[in-house]
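Student: Using UniProt numbering, read the sequence shown as starting at 1 and increasing by one per residue.
A virtual CB, placed ideally from N, CA and C, is assigned to each residue, including glycine.
Computed from a prediction, not measured in an experiment: that's the story for all the values here.
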Amino acid sequence: MSIFTIDKFCSKDIASRAEYNEIGLELTYSRSGSEDYYFKANSDTLLAALAGSGARKLNLGKTPKPGDYQALMSGTNPRTNEVFCSKTRKTQLQTDDHALAGFSTSFNVEKSLSLLYATLSRSQQKKFECAMMEATSRTTQHLEKRGIFAYRTGAQGSESHPGEVVVATYLHFTNRNQEPHLHVHAEFPNLILGIDGQWRTLDARELYRRQVEIGALFDTCLASILQRDLPEIASHLECNPERSGLVVAGIDRNTVMRFSTRRQEIQDGLQAMGASGADAARAIAKRTRQAKAAVEGEVLREEWKSCLSDVSPTQGDLTPATLLAVEAMVFKSSSVFKKHDLDRAVAMLSILHGGIGSLPEIESAVAQQLGVVRLPSKPGEDPLFTTETFRQLEVDLLRFARKASGHSQHFALSDLQIKQALRQCEQEKGFPLRDEQVQAMVHATSGRQISIIQGAAGTGKSASLAALKIAYSSAGNRIHGLAPSGAAAAELQKSSGIESQTIHALLMRLENDDARKPFHLTDRDVIVLDEAGMVDTRTLHKLMSHVEAAGAKIVLVGDSKQLEAVGSASTLHMLTQHLGAARLEQIARQRSADDRAISQAWFSDTGDAPTMMQRRGLLRETSNDQASPIELMLTDASKVRKAGTDWSEILLLADRNSRVNQLNQRVREIRMLDGELDKKAEKVVQVSNDRGYSRELALCPGDRIMLRKNSKLDQTPVFNGDRATVISIEDHKPGTDGAQSEKVVHARLDRSGTVISWRLSDYDKLDHAYAMTVHKSQGLTVEHAFYLTSETTDRRSAYVAFTRSKAACPFYLAPECESTFANRTSLFKAKMTALDADPGTKQRTLHASIGAVETAIRTQQPGTKELLEKAGIRFSYLGASNNPAAQVRAHIQNWSPQPSTRQKLLLLIQRLRARLNRINAPTKTLGQRRTPTETHQLDSIQL
Numbered sequence: 001m002s003i004f005t006i007d008k009f010c011s012k013d014i015a016s017r018a019e020y021n022e023i024g025l026e027l028t029y030s031r032s033g034s035e036d037y038y039f040k041a042n043s044d045t046l047l048a049a050l051a052g053s054g055a056r057k058l059n060l061g062k063t064p065k066p067g068d069y070q071a072l073m074s075g076t077n078p079r080t081n082e083v084f085c086s087k088t089r090k091t092q093l094q095t096d097d098h099a100l101a102g103f104s105t106s107f108n109v110e111k112s113l114s115l116l117y118a119t120l121s122r123s124q125q126k127k128f129e130c131a132m133m134e135a136t137s138r139t140t141q142h143l144e145k146r147g148i149f150a151y152r153t154g155a156q157g158s159e160s161h162p163g164e165v166v167v168a169t170y171l172h173f174t175n176r177n178q179e180p181h182l183h184v185h186a187e188f189p190n191l192i193l194g195i196d197g198q199w200r201t202l203d204a205r206e207l208y209r210r211q212v213e214i215g216a217l218f219d220t221c222l223a224s225i226l227q228r229d230l231p232e233i234a235s236h237l238e239c240n241p242e243r244s245g246l247v248v249a250g251i252d253r254n255t256v257m258r259f260s261t262r263r264q265e266i267q268d269g270l271q272a273m274g275a276s277g278a279d280a281a282r283a284i285a286k287r288t289r290q291a292k293a294a295v296e297g298e299v300l301r302e303e304w305k306s307c308l309s310d311v312s313p314t315q316g317d318l319t320p321a322t323l324l325a326v327e328a329m330v331f332k333s334s335s336v337f338k339k340h341d342l343d344r345a346v347a348m349l350s351i352l353h354g355g356i357g358s359l360p361e362i363e364s365a366v367a368q369q370l371g372v373v374r375l376p377s378k379p380g381e382d383p384l385f386t387t388e389t390f391r392q393l394e395v396d397l398l399r400f401a402r403k404a405s406g407h408s409q410h411f412a413l414s415d416l417q418i419k420q421a422l423r424q425c426e427q428e429k430g431f432p433l434r435d436e437q438v439q440a441m442v443h444a445t446s447g448r449q450i451s452i453i454q455g456a457a458g459t460g461k462s463a464s465l466a467a468l469k470i471a472y473s474s475a476g477n478r479i480h481g482l483a484p485s486g487a488a489a490a491e492l493q494k495s496s497g498i499e500s501q502t503i504h505a506l507l508m509r510l511e512n513d514d515a516r517k518p519f520h521l522t523d524r525d526v527i528v529l530d531e532a533g534m535v536d537t538r539t540l541h542k543l544m545s546h547v548e549a550a551g552a553k554i555v556l557v558g559d560s561k562q563l564e565a566v567g568s569a570s571t572l573h574m575l576t577q578h579l580g581a582a583r584l585e586q587i588a589r590q591r592s593a594d595d596r597a598i599s600q601a602w603f604s605d606t607g608d609a610p611t612m613m614q615r616r617g618l619l620r621e622t623s624n625d626q627a628s629p630i631e632l633m634l635t636d637a638s639k640v641r642k643a644g645t646d647w648s649e650i651l652l653l654a655d656r657n658s659r660v661n662q663l664n665q666r667v668r669e670i671r672m673l674d675g676e677l678d679k680k681a682e683k684v685v686q687v688s689n690d691r692g693y694s695r696e697l698a699l700c701p702g703d704r705i706m707l708r709k710n711s712k713l714d715q716t717p718v719f720n721g722d723r724a725t726v727i728s729i730e731d732h733k734p735g736t737d738g739a740q741s742e743k744v745v746h747a748r749l750d751r752s753g754t755v756i757s758w759r760l761s762d763y764d765k766l767d768h769a770y771a772m773t774v775h776k777s778q779g780l781t782v783e784h785a786f787y788l789t790s791e792t793t794d795r796r797s798a799y800v801a802f803t804r805s806k807a808a809c810p811f812y813l814a815p816e817c818e819s820t821f822a823n824r825t826s827l828f829k830a831k832m833t834a835l836d837a838d839p840g841t842k843q844r845t846l847h848a849s850i851g852a853v854e855t856a857i858r859t860q861q862p863g864t865k866e867l868l869e870k871a872g873i874r875f876s877y878l879g880a881s882n883n884p885a886a887q888v889r890a891h892i893q894n895w896s897p898q899p900s901t902r903q904k905l906l907l908l909i910q911r912l913r914a915r916l917n918r919i920n921a922p923t924k925t926l927g928q929r930r931t932p933t934e935t936h937q938l939d940s941i942q943l
């Protein structure tokens, strides 16, 4: 997807930026915006234009002239020399060097489009260039029409008004490393024309909030123009709205990375600084700029064509997104969303499927097909939305929790059974259980069909679960351990003795229609779900539906203060609020009392853990003239290693995968220097990830690796997240003459010590395991952990990171993160559930009566495999018949004016089920009147 960037500049920068933009002089004291020369002769500026209704109101014409930049940014009309801003604003720009003068934005197409452009004939390239400029103008017009460009009036800026802007745009076709990089700079003053004819300062908040949406709007405009003007290349375009936006089919990631050295320079600079985030990336981009090489454009274009001679774009796939994929795009890992979230998804869906003119129709279709409902909101607050399906999923869970919370002798154990189980557990563990561990076990073995154990990290939940397993097994029950990930399931099994698997593995076994391998839950089954706070709403709902149908018992185990579910808000906290829970709060993982006190402070809602860490020297802050946070972190980790701790007990933590990759690389370099890894024995292998991207991975005997997919290797079950140590990598040549040799890896699993061997052609989901994200680490315990913080670090991630190790976990802060760290980690913040935002529906659910034999889980869901793959019914809308892409590729039938007959029937059944669920709710009968809220839900929704 095209990337839309936005940056600010001050009045003191106007003159130097004008020199830089219009003449090409690079003054060293101003490096705060544009990358390339705009007007310099023989530069790579291909086209320049003025956009925005404000430019027309000032009669500026279509093309910027020398001198326009400084005049416009200073509030002067360059054609008349008249000041068009207020006297106060003009005085501010003249007297205050730090006054916000304007915004420097850019539209950067996805790299495969730049590479396709580089392979075209010059006549085709010129059409592509004009399309870029037209797309910029169209996007600007659309943002004006929508009121995204706005200003504020009233008390404390309480009223927002749409306005008109002046935008100077400049098209460039290279980056500073002379690689293909099509992008348009769009520079505009901090001035906007109101409906009353007055120019005021711009309120740019919506531009920042809608950056992804604006990039998608540019993509949809560009795609429509290319379909009109370059149909011969438009057939290669495709869009995966969930992942990539507008791309060229057939240009693989390896080719893209070959021409992305500028990106790698910025990544290397971030690594050297130990920094992350957009602000740091902009700083690195400026710092690492080099002067443009004087290469003639035609020579450069011929070089590109030669280098890209092997590029062969394929037919683009115009298959529309499924409704489950659209749902994920709208919710963006939450359970509620705002209007701008819906706008973002709609913009993405319009790419190659109707263009910018189809946005209203697509929005209406999304609202109808997903069943979007507006949630109650207070005056002045941004309204929140959800879907009726999501709200009903939560209603079902709450209703089942109430139904299953009553006492029943069926799952109740006697005092004698409990005492015997506790005694046996303590004998096997070799230590007595604390009172709160005993109470947690007693609570979970009560007669309730559903029980909850809330336990802080490192409080010994596994000991309570081990006792629970002994008790119920002795009573003749079958115990199933479940966890969100394979690694967490393996850890649960190791620590508690409960045979465990992932939730999805169990669900697929339950849904397996193979009569030869039937599997069913019964009322003698007890399910223990660990890390329940990380389970998304749809998955927990499906599990609960099977539990209810079978009459089985479920124990939810988790910590509402650790990391939340990825796919939605966590419902564990909501269920705990209304069911209660046994609580384990005495953290015992750390050896030192001082370290345990810090863990306790992170867990507490009021504890000042950052101050405690500061006093202990555990907040490692750096300055620009010192070693970077990464290097300081590696130095500390190396000291621990040299003191005798094996790398299997050392864990480096970060918030992003990019940081994890850098840390893994640096640890291997250190191990090479220390002689722990033999460079001569290193072998480079090809590995892949779950998205199908392949890359090279260097491995040596002794390397630490992570397995990234559940499977069975050498007859041994392995899980996503399993860690192991490489023993050897061998070249195995099959007996067949002429057959190529295969790489065989031998490794020892951490959790069991089992040695496993496998061919990489059979299993290539590998990575190094010296570092991992905090999210991936939840549930692990090591001797020593080290945490590289970022601008996204919050209290949850800090709490999880510090409690991963038995020793204190130091935190490493980059300079740009220091000032905000304490504020970001001051409070636990939680995603909002749909019922949190709809207290009326929650209260009705809580107060509605439900019989013991009445079904609580009523909402139908797709199968587990369909949910995981986001498969099923595809999104469609009536206006798709006017889609230019359909005219270019008439053979593509998936995006048709009407849904297929099967899709129509499935959609109709889905809606009927939802309505029947509401009609059959125990609190309503057909003779009762609907509330205004319910009537609104059933009517068409206006957003």
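(1) Quick one: complete beta strand (DSSP E) runs, 3+ long, within the stretch 611-698?
(2) How long is the line joining the alpha carbons of T537 and L507, rounded to whole angstroms?
(3) What number of angstroms, rounded off, separates the C-alpha of D514 from the C-alpha of R695?
(4) In the DSSP assignment, find the unbroken beta strand (DSSP E) run with I501 in it and report its ends.
(5) When you compare each of N190, L398, S358 to A856 by their alpha carbons, which one comes out closest?
(6) Do S473 and I479 have their C-beta atoms closer together than 8 Å?
(7) Count the other C-beta atoms from every protein chain shown that fall within 10 angstroms of the C-beta of H407, then say buried if there are 16 or more, exposed otherwise.
(8) Is the separation between the beta-carbon of I14 and that of S106 shorter than 8 Å?
(9) On the CB-based measure, 16 or more other CB atoms within 10 Å of its CB, does L416 come out buried or exposed?
(10) Tell me whether E854, by its Cβ, gets closer than 7 Å to a heavy atom of the ligand SAH.
(11) What does the Cβ neighbour count give for G458, buried or exposed, with the cut at 16 atoms within 10 Å?
(12) Cβ atoms of N720 and L707: under 8 Å apart, would you say?
(13) How about V555 and V528: are their beta carbons less than 8 Å apart?
(14) Would you mind stating whether E436 and Q586 have Cβ atoms separated by less than 8 Å?
(15) What residues are listed by DSSP as bridge partners for W199?
(16) Per DSSP, what kind of secondary structure is E129 in: helix, strand or coil?
(17) Return the bridge partner residues of H746 from the DSSP annotation.
(18) Check whether the stretch 462-469 and the stretch 427-446 are in contact - that is, three or more C-beta pairs closer than 8 Å.
(19) Using C-beta distances below 6 Å, list every residue in its chain close to Y693, excluding the 5 sequence neighbours before and after it, in chain order.
(20) Grouping DSSP H, G and I as helix and E and B as strand, with all else coil, what is S451?
(21) Identify the continuous beta strand (DSSP E) that holds C425 and give its terminal residues.
(22) Apart from the five residues just before and just after E818, which ones in its own chain have a Cβ nearer than 7 Å to its Cβ?
(23) If I follow the unbroken beta strand (DSSP E) through T319, where does it start and stop?
(24) One question on the structure: do A808 and L677 come within less than 8 Å of each other, judged by their Cβ atoms?
(25) My assumption, with CB atoms under 8 Å, is that E232 sits in contact with A347. Please give the rounded CB distance.
(26) Indicate the three-state DSSP secondary structure (helix, strand or coil) for D762 in the structure shown.
(27) Could you tell me which residues DSSP puts in a beta bridge with P180?
(28) In chain order, what residues of the same chain have a beta carbon less than 8 Å from the beta carbon of S244, not counting five sequence neighbours either side?
(29) Leaving aside the five residues before and after residue 995 along the sequence, list all residues of the same chain whose C-beta is less than 8 Å from its C-beta, in chain order.
(30) Would you mind reading off the limits of the beta strand (DSSP E) that contains residue 948?
(31) Excluding the five sequence neighbours on either side, which residues of its own chain have a C-beta within less than 7 Å of the C-beta of K542, listed in chain order?
(32) Tell me the DSSP secondary structure of H784 in three-state form.
(33) To which residues does DSSP link D7 through a beta bridge?
(34) So, with DSSP's three-state summary, where would you put S247?
(35) Give the DSSP-derived three-state secondary structure of S408 in the structure shown.
(36) Would you mind stating whether V557 and K461 have Cβ atoms separated by less than 8 Å?
Tutor: Result, derived from the coordinates:
(1) Segments of the beta strand (DSSP E) lying fully in the stretch 611-698: 619-621, 650-654, 683-688.
(2) Our two residues, T537 and L507, have alpha carbons roughly 14 Å apart in a direct line.
(3) Cα to Cα, D514 sits roughly 37 Å from R695.
(4) Residue 501 is actually Gln in this sequence, not Ile. That run of the beta strand (DSSP E) goes 500-502.
(5) Closest by alpha carbon: L398.
(6) In this structure, I479 lies closer than 8 Å to S473 by Cβ.
(7) Its Cβ having fewer than 16 others within 10 Å, H407 is exposed.
(8) The Cβ-Cβ distance between I14 and S106 does not fall below 8 Å.
(9) Around the beta carbon of L416, fewer than 16 other beta carbons sit within 10 angstroms, so the residue counts as exposed.
(10) The ligand SAH is absent from the structure shown, which contains no ligands of any kind.
(11) By the 10 Å Cβ count, G458 comes out buried.
(12) A contact, by the Cβ cut-off of 8 Å.
(13) It is a contact, given that the beta carbons lie within the stated cut-off.
(14) Contact annotation: E436 and Q586 have beta-carbon atoms nearer than 8 Å.
(15) Bridge partners of W199: L193.
(16) Reduced to three states, the DSSP call for E129 is helix.
(17) The partner list for H746 (beta bridge, DSSP) reads S728, S757.
(18) Short answer: they touch.
(19) Counting only Cβ-Cβ distances below 6 Å, and skipping sequence neighbours, we find R253.
(20) Strand, per DSSP.
(21) Counting along the chain, C425 falls outside any beta strand (DSSP E), though it belongs to the alpha helix (DSSP H) covering 415-429.
(22) Once the five neighbours on either side are set aside, the close Cβ partners of E818 are E621.
(23) Looking at the DSSP string, T319 is not in any beta strand (DSSP E), and its letter there is neither H nor E.
(24) Contact: no.
(25) The pair is not a contact, with the Cβ atoms about 26 Å apart (cut-off 8 Å).
(26) D762 falls in the coil class under three-state DSSP.
(27) According to DSSP, P180 bridges with T174.
(28) Around S244: M1, E110.
(29) Residue 995 cannot be examined here, being either before or after the span of the chain that is shown, 1 to 943.
(30) Residue 948 cannot be examined here, being either before or after the span of the chain that is shown, 1 to 943.
(31) Within the same chain, and ignoring the five residues on either side of K542 in sequence, the residues whose Cβ sits closer than 7 Å to its Cβ are L507, Q861, T864.
(32) H784 carries a strand assignment under DSSP once its states are collapsed to helix, strand and coil.
(33) DSSP lists S104 as partners of D7.
(34) Correcting the residue type first, residue 247 is Val in the shown sequence and not Ser. Strand.
(35) Assigned with DSSP and collapsed to three states, S408 falls in coil, not helix or strand.
(36) Yes.
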